[in-house]
Amino acid sequence: MTSQQPDLQAHQKVWDEAGKEDPLWSVLSVPGKQGRWKVDEFFETGVQEIVEVMSYLERQGIAVDQGRALDFGCGVGRLSQALATHFGQVDGVDISPSMVDNARRFNKYPDRCRYHVNLSRDLSLFGDGSFDFIYSNIVLQHMHPEWARGYVAEFIRCLKPNGVLLFQMPSRQRLRGRLKQLLPPPLLRAYRRLRHHGHPAAVVHGISRDEVVRFCEAHGAAVLDVQASDVVGYGW
1 MTSQQPDLQA HQKVWDEAGK EDPLWSVLSV PGKQGRWKVD EFFETGVQEI
51 VEVMSYLERQ GIAVDQGRAL DFGCGVGRLS QALATHFGQV DGVDISPSMV
101 DNARRFNKYP DRCRYHVNLS RDLSLFGDGS FDFIYSNIVL QHMHPEWARG
151 YVAEFIRCLK PNGVLLFQMP SRQRLRGRLK QLLPPPLLRA YRRLRHHGHP
201 AAVVHGISRD EVVRFCEAHG AAVLDVQASD VVGYGW
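If you read the sequence shown in our numbering, its first letter stands for residue 1, the second for the next number, and so on.
Here it is in structure tokens:
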């Protein structure tokens with residue numbers, strides 16, 4: 001067992017509790033929706049997001065074979081269910097058993113969409129060159145940067161030749177967020193719990209844009225485009 005393994009288990013515990021308590025809001029924490037998401041409304045946000053993603057790729061002239069896709073950090077399946085309308089086979093992976101249980105319960109496409117629990121710092125459950133498309137949004141930001149780098153390397157390994165990887169990662173923290181990091185850890189944890197009405201707050205991490213680009217290129221990927229995003233949560 002590595003020294004990092006207990007931390008990964010603690011990370012799993014946080015998200016597993018969230019998946020049991022309020023899974024939809026834990027995935028998409030829109031103000032006013034805590035405990036109030038309607039299932040159809042929630043999943044429609046995934047449909048719209050994937051439509052926008054596919055349109056973006058088309059505008060960029062990036063061709064994607066529609067064979068097999070991976071939704072990394074799938075949660076309850078918000079994005080993998082939408083991907084299943086564009087790809088012949090979709091795999092959703094999450095660290096939380098309760099989230100995956102919910103994803104399987106909501107799965108409308110059991111013939112082509114499968115869900116997996118993965119408590120590992122790699123994606124060894126998939127072979128090299130398994131996927132035509134890999135997508136991950138508002139997921140890597142909740143991981144220690146060392147873990148995030150490892151998963152990005154695994155994404156690249158799992159891509160087919162000419163496969164497409166699209167992921168989101170915060171790159172620069174706002175001043176307010178940096179100042180809060182100066183608080184003593186117990187006080188910072190108490191602040192986060194109060195701000196999130198007593199619920200565990202997911203910590204947000206980031207890696208600089210230039211470092212992410214260099215890392216991807218060093219692992220054999222060609223970086224075609226980088227876009228700004230405003231989806232980052234607490235303190236960013």
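We treat Cβ as the ideally placed atom computed from N, Cα and C, and that holds for glycine.
Please classify residue i: does DSSP put it in a helix, a strand, or coil?
i: residue 117; result: strand
i: residue 71; result: strand
i: residue 136; result: strand
i: residue 20; result: helix
i: residue 152; result: helix
i: residue 102; result: helix
i: residue 161; result: strand
i: residue 94; result: strand
i: residue 79; result: helix
i: residue 48; result: helix
i: residue 166; result: strand
i: residue 131; result: strand
i: residue 178; result: In this predicted model, residue 178 has a pLDDT of only 45, less than 50, meaning its place in the structure is not dependable; the value taken from the coordinates is given anyway. Here residue 178 sits in helix by DSSP.
i: residue 89; result: strand
i: residue 27; result: helix
i: residue 279; result: Residue numbering for the chain in the displayed model covers 1 to 236; residue 279 lies beyond these limits and cannot be assessed.
i: residue 53; result: helix
So is residue i buried or exposed if we call it buried at 16+ other beta carbons inside 10 Å?
i: residue 48; result: exposed
i: residue 35; result: exposed
i: residue 80; result: buried
i: residue 134; result: buried
i: residue 256; result: Only positions 1 to 236 of the chain appear in this structure, which leaves residue 256 out of reach.
i: residue 26; result: buried
i: residue 30; result: exposed
Enumerate in chain order the residues of its own chain whose CB-to-CB distance from residue i is below 6 angstroms, with the five nearest sequence positions on each side excluded.
i: residue 130; result: 158
i: residue 221; result: 156
Nearest to residue i by CA position, among the options, is which residue?
i: residue 74; options: 18, 99, 85; result: 99
i: residue 109; options: 19, 117, 97, 77; result: 77
i: residue 71; options: 221, 220, 136; result: 136
i: residue 17; options: 45, 38, 89, 95; result: 95
i: residue 237; options: 105, 28, 149, 80; result: This structure cannot speak to residue 237, because the chain is shown only from 1 to 236.
i: residue 101; options: 209, 118, 86; result: 118
i: residue 19; options: 104, 211, 65; result: 104
i: residue 219; options: 154, 65, 228, 207; result: 154
i: residue 138; options: 128, 160, 166; result: 166
i: residue 42; options: 66, 106, 90; result: 106
i: residue 204; options: 221, 169, 210, 39; result: 169
i: residue 7; options: 144, 45, 161, 122; result: 144
i: residue 230; options: 85, 141, 222, 211; result: 141
Round the Cβ separation of residue i and residue j to the nearest angstrom and send it over; I've been treating them as touching at under 8 angstroms.
i: residue 242; j: residue 62; result: The first residue shown for the chain is 1 and the last is 236, placing residue 242 beyond what the model contains.
i: residue 84; j: residue 114; result: At roughly 10 angstroms, the Cβ-Cβ gap does not stay under 8 angstroms, so residue 84 and residue 114 are not in contact.
Under 8 angstroms Cβ to Cβ from residue i, same chain only, skipping five residues before and after it: list those, please.
i: residue 175; result: In this predicted model, residue 175 has a pLDDT of only 41, less than 50, meaning its place in the structure is not dependable enough to derive any value.
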